[in-house]
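Working notes, beginning with the structure itself.
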Amino acid sequence: MLSPSLTGSPGEPAMDARALAALAKSRNFCPKHLGLLLRMKELILLAKGLALGHWRESRDPLANSFAEHGQAEIMIAELRETLDIIRGRILRMAPAERQHYTPEERFRIVVFLRTYAHTYEAAAALFMVDAQTIGR
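In structure tokens form, the structure reads like this:
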């Protein structure tokens, strides 16, 4: 299992995400270091997957539940990374050039807002629109 310093807490980006962001901003980094960082991240994920596989094969229901939880954490991290990349791309577009949400998507946003008790401002930031748009 990864330590909190590697995975990050919900409010703090993971160490590898911070390191990759720093490398992306820096123009004078050694390509070997980037390769090493990426390989390290791959090996850590493979080790975690191996451990989860051993726990899943266990007859202990607690170990099996822990393995399911670990697998869900990996999937959540993957989805968050995907979302961050897509959001970054969309946010680089001018708001006038972005496609509008369909009526079904707008309804889903309202349901999301009510279900998870987000403020208009938080929902607007999440869905990349103005808070007034969410309010309407």
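Here the numbering used here is used: the first residue of the sequence shown is 492, the next is one more, and so on.
Where is the CB? At the ideal position from N, CA and C, for every residue including glycine.
Sequence-distant residues of the same chain with beta carbon closer than 6 Å to Leu536, five excluded per side: Residue numbering aside, residue 536 sits at position 45 when the sequence shown is read from its first letter. Correct list: empty, nothing qualifies.
When Glu588, Tyr607, Thr606 are compared against Met619, the one with the closest alpha-carbon: One-based indexing of the sequence shown puts residue 619 at position 128. The shortest C-alpha separation from Met619 is found at Glu588.
Continuous alpha helix (DSSP H) stretch holding His609: start and end: As a first step, residue 609 is located in the sequence shown; it is residue number 118 there, counting from the start. It is not in any alpha helix (DSSP H) - His609 carries neither H nor E in the DSSP assignment.
Nearest candidate by alpha-carbon position, reference Glu612, set Arg627, Phe598, Arg599: Here the question's residue 612 lines up with position 121 in the sequence shown. Closest by alpha carbon: Arg627.
Where Ser556 falls: helix, strand or coil (DSSP): Position 65 of the sequence shown, counted from the start, is the residue given in the question as residue 556. Three-state DSSP puts Ser556 in a helix.
Collapsed DSSP secondary structure at Met566 in the structure displayed: Here the question's residue 566 lines up with position 75 in the sequence shown. Helix at Met566.
Same chain only: Cβ atoms within 7 Å of Ala554, ignoring 5 sequence neighbours per side: Within the sequence shown, numbered from 1, the residue matching residue 554 stands at position 63. Result list for Ala554: Trp546, in chain order.
Outcome for Ala538 when other beta-carbon atoms lying within 10 angstroms are tallied against a minimum of 16: Taking the sequence shown and counting its residues from 1, the one referred to as residue 538 is at position 47. Result: exposed.
Residue range of the unbroken alpha helix (DSSP H) whose run includes Thr629: Residue numbering for the chain in the displayed model covers 492 to 627; residue 629 lies beyond these limits and cannot be assessed.
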